[in-house]
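In our numbering, each residue's number is its place in the sequence shown (first place is 1) plus 2.
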Amino acid sequence: MIGNAGHEVPKFMPKSRAALARQEADRVHRLPDQPKVGFKQCASYVTVNKSHGRALFYWFFEATDKLDEKPVLLWLNGGPGCSSIGYETAELGPFFPQNHQPKLKLNPYSWNKGNQLKRVKEELRSIAKADRKGLQELEKLQVELEDIQSAILHGQVDEKIIKAEREKTK
Numbered sequence: 003m004i005g006n007a008g009h010e011v012p013k014f015m016p017k018s019r020a021a022l023a024r025q026e027a028d029r030v031h032r033l034p035d036q037p038k039v040g041f042k043q044c045a046s047y048v049t050v051n052k053s054h055g056r057a058l059f060y061w062f063f064e065a066t067d068k069l070d071e072k073p074v075l076l077w078l079n080g081g082p083g084c085s086s087i088g089y090e091t092a093e094l095g096p097f098f099p100q101n102h103q104p105k106l107k108l109n110p111y112s113w114n115k116g117n118q119l120k121r122v123k124e125e126l127r128s129i130a131k132a133d134r135k136g137l138q139e140l141e142k143l144q145v146e147l148e149d150i151q152s153a154i155l156h157g158q159v160d161e162k163i164i165k166a167e168r169e170k171t172k
């Protein structure tokens, strides 16, 4: 279960030895100059169109704790000429490159820690309270709701969590 939202976390358990071998083949044990970590990471390509030779690169970071409770988040961004890997290293991923040094440092706000989901839930509580009490201007509230809608569309949080948080503040 995820929080009190009533969500079941699907468990991905490779059943065959071949699937386990593929998973281990994709495992990244350590990056150059990476600090020691307590989570697994995997990277590889997923074929999306074999006849045209198209594949998508993925880089998966395991949650830092409570693996059975954390949902898998899929982040897709970038665009023509703009790789998602840049955002991974500059914003969301567990490592930051250190300025002018060939070393990595840990990102305390990495999404595999689950901090962002907690922050979004806290924002939802404050939005729901402000809406009920009429303390915020409608225009500001609309901007915040649009931000939350963007979070939903990018897979950061789903509508059931939003509804549950609004119910708590009534």
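Don't be surprised by glycine CBs; every beta carbon is placed ideally from N, CA and C.
Nearest to residue i (by Cα), restricted to the options the options
i, options, result
"P37", "F98, S46, W113, G116", "F98"
"S86", "T66, V50, H102, F62", "F62"
"K60", "L75, E71, H54", "Here residue 60 turns out to be Tyr, not Lys, going by the sequence shown. Ranking L75, E71, H54 by Cα distance to Y60 puts L75 first."
"N68", "V48, H102, F41", "Note that residue 68 is Lys in the sequence shown, not Asn. Nearest option by C-alpha distance: F41."
"W77", "D70, E71, E93", "E93"
"R24", "V39, R32, A45, L33", "A45"
Beta-carbon separation (whole angstroms), residue i vs residue j, contact threshold 8 Å
i, j, result
"N109", "G95", "6 Å"
"D35", "P104", "6 Å"
"A65", "G116", "7 Å"
Residue i classed as buried or exposed, judged by whether at least 16 other C-beta atoms fall within 10 angstroms
i, result
"N114", "buried"
"E90", "buried"
"S112", "buried"
"A21", "exposed"
"V48", "exposed"
"Q43", "buried"
"V159", "With a pLDDT of 49 at V159, under the threshold of 50, the modelled position of that residue is not reliable, and the figure given next carries that caveat. Classification for V159: buried."
"L33", "exposed"
"K135", "Residue placement at K135 cannot be trusted, given a pLDDT of 48 that sits under 50; what the coordinates show is reported in the next sentence. Burial call: exposed."
message = Restricting to runs no shorter than 3 residues, where is the beta strand (DSSP E) found entirely within the region 38-99?
response = 43-51, 56-63, 97-99
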